[in-house]
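For reference, the structure discussed in these notes is given below.
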Amino acid sequence: MNLPSSSPQNSPRRRGLIAIAILAVGVGWWYWPRAGDQRVVGTWHTFQGGNPAPYVLRFQANGTGTYDPPPNSLGEKSFGGRKSRFQWRVSHNRLSIQGWKRGFLNDALNSLLMTVTGRTCIVKDSRLELVVVEKDQLRYRDEHGVLQAWTHPAL
436 MNLPSSSPQN
446 SPRRRGLIAI
456 AILAVGVGWW
466 YWPRAGDQRV
476 VGTWHTFQGG
486 NPAPYVLRFQ
496 ANGTGTYDPP
506 PNSLGEKSFG
516 GRKSRFQWRV
526 SHNRLSIQGW
536 KRGFLNDALN
546 SLLMTVTGRT
556 CIVKDSRLEL
566 VVVEKDQLRY
576 RDEHGVLQAW
586 THPAL
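Going left to right, the sequence shown walks through residues 436 to 590 as my numbering numbers them.
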């Protein structure tokens, strides 16, 4: 008795589907965001401008994060008291924060908002030099060379 075998037409189709699946997995792995330094992952607090309420930064392991300033904060560093999202990574002891794509329209809207309200809601790109990263404190130098610190809220 002769059992049916897979037809010759199905074999190339199956190989094509397998190749596409492998390619999709490879592309997904290649472009998956990576943080690069697990010491930074977590929730950090900082206090600015004499405000008793903390500015909260949350760094997730997938390379994304949120910036949540106190509701009554003002000025460019506060981003208007609005929660903002950003991407981050650490390379060569530098923490890079990328909050938005640069472009004429984004820059113009951000400048107009800052002029009219004194606030902005867009996280700007930053490169911070990590000086000390411990479980309870992260100290860094900003773009102007000023030493600053973030702390873990529960520690």
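All C-beta atoms, glycine included, are put in the ideal place defined by N, C-alpha and C.
- Across the structure, S531 and I457 are spaced so that their CA atoms are roughly 31 Å apart.
- Secondary structure of R450 (DSSP, three-state): helix.
- The beta-carbon separation of T481 and W585, rounded to 5 Å, stays under the 8 Å limit for a contact.
- In chain order, L573 and R574 place their CB closer than 8 Å to the CB of V567, counting only its own chain and leaving out the 5 sequence neighbours on each side.
- For secondary structure counted as the alpha helix (DSSP H) over 4 or more consecutive residues, the stretch 528-588 holds these complete runs in sequence order: 539-552.
- A buried status is given to W479, since no fewer than 16 other beta-carbon atoms sit within 10 Å of its beta-carbon.
- A residue is called buried when at least 16 other Cβ atoms come within 10 angstroms of its Cβ; P504 meets this threshold and is buried.
- Listed in chain order, the non-local C-beta contacts of R520 below 6 Å within the same chain comprise T501, local neighbours out to five positions each way being set aside.
- Pairing W523 with G451, the inter-Cα distance amounts to about 37 Å.
- Under the DSSP assignment, D503 falls in the beta strand (DSSP E) whose first and last residues are T499 to D503.
- By the C-beta density criterion, L563 is buried, having at least 16 other C-beta atoms within 10 angstroms.
- Per the coordinates, the alpha-carbon of A589 lies some 38 Å from the alpha-carbon of V462.
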